[in-house]
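Remarks on the structure that follows.
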């Protein structure tokens with residue numbers, strides 16, 4: 044098929060106000076995404092603190108709460124991010 048025979052697809056104009064491929068759809072909420080990233084970041088910081096704290100202090104172990112935050116927040120944030128990815132990949136219902 045030559046370029047002359049190919050059907051022409053109109054380019055979306057900026058005047059339409061809608062991004063390409065999402066015409067007539069409401070933008071998805073990103074609250075779950077931001078929550079997941081914040082919880083995951085807290086878990087990562089707690090993991091780094093659990094590693095660094097015993098190195099910088101006289102104690103051989105860090106406080107228990109640092110280990111608990113690291114063990115709970117990082118996997119929970121990751122799980123919420125997976126839930127967001129699955130939910131946002133589904134088409135919206137009208």
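In the working numbering, the protein residues as written are 44 to 137. Glycine included, every Cβ here is placed at the ideal spot set by N, Cα and C.
Sequence-distant residues of the same chain with beta carbon closer than 8 Å to residue i, five excluded per side
| i | result |
| --- | --- |
| residue 100 | none |
Beta-carbon proximity of residue i to residue j, cut-off 7 Å
| i | j | result |
| --- | --- | --- |
| residue 89 | residue 113 | yes |
| residue 120 | residue 83 | yes |
| residue 79 | residue 124 | yes |
For residue j and residue i, the rounded distance between their alpha carbons
| i | j | result |
| --- | --- | --- |
| residue 87 | residue 106 | 16 Å |
| residue 98 | residue 132 | 43 Å |
| residue 126 | residue 96 | 32 Å |
| residue 72 | residue 135 | 12 Å |
| residue 116 | residue 122 | 10 Å |
| residue 91 | residue 118 | 15 Å |
Residue i (DSSP reduced to helix, strand or coil)
| i | result |
| --- | --- |
| residue 134 | coil |
| residue 129 | helix |
| residue 84 | helix |
| residue 118 | helix |
| residue 101 | coil |
Chain-order list of residues whose beta-carbon lies under 7 Å from that of residue i (same chain, five-residue window excluded)
| i | result |
| --- | --- |
| residue 104 | 97 |
| residue 108 | none |
Close beta carbons around residue i, own chain, < 6 Å, minus the five adjacent residues each side
| i | result |
| --- | --- |
| residue 138 | As shown, the chain starts at 44 and ends at 137. That puts residue 138 outside it, with no answer to give. |
| residue 85 | 116 |
Short CB-CB distance (under 7 Å) between residue i and chain C
| i | result |
| --- | --- |
| residue 114 | The structure shown contains no chain C; it is built from a single protein chain. |
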